[in-house]
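Undergrad:
Number of protein chains: 2
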Amino acid sequence: MQALKDRITAEGKNLGHGILKVDGFINHQVDPTLMNAAGAEFARIFAHLGATKILTAEISGIAPALMTGLHMGLPVVYARKSKPITMPDQVYLTIAPSHTKGRMVELIISPEYLAGGERVLIIDDFLASGSTIAGLVRLAQVAGARVAGIGTLIEKIFEGGRTLLSPLGIPIESLVSISSMDDGQIVFSD
Amino acid sequence: MQALKDRITAEGKNLGHGILKVDGFINHQVDPTLMNAAGAEFARIFAHLGATKILTAEISGIAPALMTGLHMGLPVVYARKSKPITMPDQVYLTIAPSHTKGRMVELIISPEYLAGGERVLIIDDFLASGSTIAGLVRLAQVAGARVAGIGTLIEKIFEGGRTLLSPLGIPIESLVSISSMDDGQIVFSD
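Note that the protein sequences, when read in sequence, are chains U and F.
The numbering used here applies: residue 505 is where the first sequence begins, and numbers increase by one.
The numbering used here applies: residue 505 is where the second sequence begins, and numbers increase by one.
(1) Between which two residues does the alpha helix (DSSP H) harbouring G543 (chain F) extend?
(2) Compute the Euclidean distance between the alpha carbons of A638 (chain U) and R511 (chain U), then round it to the nearest angstrom.
(3) At least one CB of chain U closer than 8 Å to the CB of V609 (chain F): is that the case?
(4) Does the Cβ of D593 (chain F) have 16 or more other Cβ atoms within 10 Å, making it buried, or fewer, making it exposed?
(5) Quick check on the burial criterion: 16 or more other C-beta atoms within 10 angstroms. Buried or exposed for R548 (chain F)?
(6) Measuring alpha carbon to alpha carbon, tell me which of F:G665, F:R666, F:G520 and F:R584 ends up nearest I690 (chain F).
(7) Could you name the residues that DSSP lists as bridge partners for L627 (chain U)?
(8) Could you compute how far the alpha carbon of L679 (chain U) sits from the alpha carbon of G565 (chain F)?
(9) Would you decide whether D687 (chain U) is buried or exposed? Buried here means 16 or more other CB atoms lie within 10 Å of its CB.
(10) Can you tell me whether S670 (chain U) is helix, strand or coil according to DSSP?
(11) Between the region 632-662 of chain U and chain F, which residues of the former have CB atoms less than 7 Å from a CB of the latter, in chain order?
(12) Can you check DSSP and say which residues form a bridge with K525 (chain U)?
(13) Taking one C-beta from the region 600-619 of chain U and one from the region 574-587 of chain U each time, how about it: are there three or more such pairs within less than 8 Å?
(14) Identify the continuous beta strand (DSSP E) that holds I637 (chain F) and give its terminal residues.
(15) Contact criterion: CB-CB distance below 8 Å. Does N518 (chain U) meet it with respect to chain F?
(16) Does I626 (chain U) pass the burial test, meaning 16 or more other C-beta atoms within 10 Å, or should it be called exposed?
(17) Applying a beta-carbon distance threshold of less than 8 Å, which residues of chain U neighbour A600 (chain F)?
(18) Check whether the Cβ of A491 (chain U) lies closer than 8 Å to any Cβ atom in chain F.
(19) List the residues that DSSP assigns as beta-bridge partners of K587 (chain U).
(20) Counting only C-beta atoms, is M505 (chain F) closer than 8 Å to chain U at any point?
(21) On the premise that I563 (chain U) lies in contact with E659 (chain F), defined as a C-beta separation below 8 Å, what is that separation, rounded to the nearest angstrom?
(22) For G653 (chain F) versus P675 (chain F), is the C-beta spacing smaller than 8 Å?
(23) Can you check whether the C-beta of K587 (chain F) is within less than 8 Å of a C-beta belonging to chain U?
(24) Would you say G528 (chain F) faces chain U, with C-beta separation under 8 Å as the test?
(25) With H, G and I counted as helix, E and B as strand and the rest as coil, what does DSSP make of A569 (chain U)?
(26) Among U:M539, U:T556 and U:H552, which residue has its Cα nearest to the Cα of G620 (chain U)?
(27) Is the Cβ-Cβ distance between P568 (chain F) and V595 (chain F) less than 8 Å?
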């Protein structure tokens with residue numbers, strides 16, 4: 505997606521250790537017009553899947569997932585990282601290591617909003633190590649749902665997430681792929 | 505906003521102690537089409553303010569804020585509740601009591617994305633005690649920005665947030681107002 509690549513080139517910052525700062529348009533300040541364009545693109549790419557629900561993880565996945573849901577006319581469920589008081593006692597919970605937080609985080613979904621037989625499209629901001637997305641896949645599987653596709657805004661190829669997830673046999677699409685962040689650079693793969 | 509009121513009537517749950525569960529369309533599963541309609545309504549109500557930025561707090565404010573930003577063509581900044589590694593050391597931070605979490609939470613904004621001279625429109629899911637929104641107002645003021653308006657999806661009038669915020673002299677608009685949740689009911693005020 506050229507508009508996203510252009511924005512990363514103009515405003516993204518390589519902070520070292522594989523950390524790409526995109527806080528000006530995705531992770532702290534969000535550009536709704538850019539996210540809307542990304543959502544339209546995901547809707548086009550995944551139109552054929554027959555998805556019934558979008559699944560993401562709080563917090564940064566919400567914006568692209570919401571815009572994808574808008575274009576596909578589907579509800580969006582975001583896995584919570586702590587259990588709110590409105591959630592029933594019995595939940596689906598898995599644990600995934602967070603690269604950016606440097607610790608394990610919980611991913612929690614209420615059985616009220618993820619049922620057997622659903623066809624889930626997972627949308628997130630980054631595909632890095634793939635551990636968060638693998639956690640979302642586990643939650644969907646425990647709920648008896650099928651994951652039909654995985655879409656991310658930015659893939660950091662060098663962190664191996666696609667290698668981790670590929671054995672699942674689920675289509676994985678990223679709007680922008682980065683092959684290297686060595687020496688302070690941001691090298692796109694396409 | 506009739507569509508939101510209808511949805512609360514159909515699916516909202518009064519859990520007691522003033523807690524309104526709207527996890528099926530706002531707080532855990534999100535209805536993007538409903539949020540888009542709410543965003544269009546906020547954009548209409550606040551069109552005259554000359555806002556330059558939308559401000560909200562993670563997590564549940566993001567969906568309505570993002571859709572408002574889409575309709576107004578404005579960036580959205582969401583205050584973080586923990587400081588990510590991509591944020592500079594020097595930040596704007598305030599502390600606000602969270603009714604639903606039963607503890608104090610931090611609200612953090614990077615000075616990179618909130619500057620003096622900005623005209624901020626605050627959008628959030630609930631106006632309850634008003635403490636989170638008062639925290640956002642403080643952050644904006646510390647940054648030298650002016651808060652031009654406050655919009656929330658659902659106001660629980662009986663929790664007094666409007667009384668807390670009114671002395672600020674900022675226009676406050678809620679799309680749906682609830683006057684009582686006594687005896688397991690959900691009573692709309694209009």
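All C-beta atoms, glycine included, are put in the ideal place defined by N, C-alpha and C.
TA: Considering the structure as presented:
(1) P536 to I549
(2) In a straight line, the C-alpha of A638 (chain U) is about 28 Å away from that of R511 (chain U).
(3) no
(4) Per the 10 Å Cβ criterion, exposed.
(5) Exposure of R548 (chain F) is indicated by the presence of fewer than 16 other C-beta atoms within 10 angstroms of its C-beta.
(6) F:G520
(7) For clarity, residue 627 (chain U) is Ile in the given sequence; the question names Leu instead. In DSSP, I627 (chain U) forms a bridge with U:G655.
(8) Rounded to whole angstroms, L679 (chain U) and G565 (chain F) show a C-alpha spacing of 26 Å.
(9) Burial call: exposed.
(10) helix
(11) none
(12) Answer is U:K517.
(13) yes
(14) No beta strand (DSSP E) contains I637 (chain F), which is instead part of the alpha helix (DSSP H) from S635 to V646.
(15) N518 (chain U) does not count as touching chain F.
(16) buried
(17) Correct list: empty, because the minimum Cβ distance to chain U is about 17 Å.
(18) The requested residue 491 (chain U) is not part of the displayed model; chain U covers only 505 to 694.
(19) For K587 (chain U), which the question treats as bridged, DSSP gives no partner whatsoever.
(20) no
(21) Actually they are not in contact, since the Cβ atoms of E659 (chain F) and I563 (chain U) sit about 24 Å apart, beyond 8 Å.
(22) Yes; because the gap between Cβ atoms is below 8 Å, this pair is in contact.
(23) So, not an interface residue.
(24) Answer yes: the Cβ-Cβ gap between G528 (chain F) and chain U drops below 8 Å somewhere.
(25) A569 (chain U) carries a helical assignment under DSSP once its states are collapsed to helix, strand and coil.
(26) U:T556
(27) no
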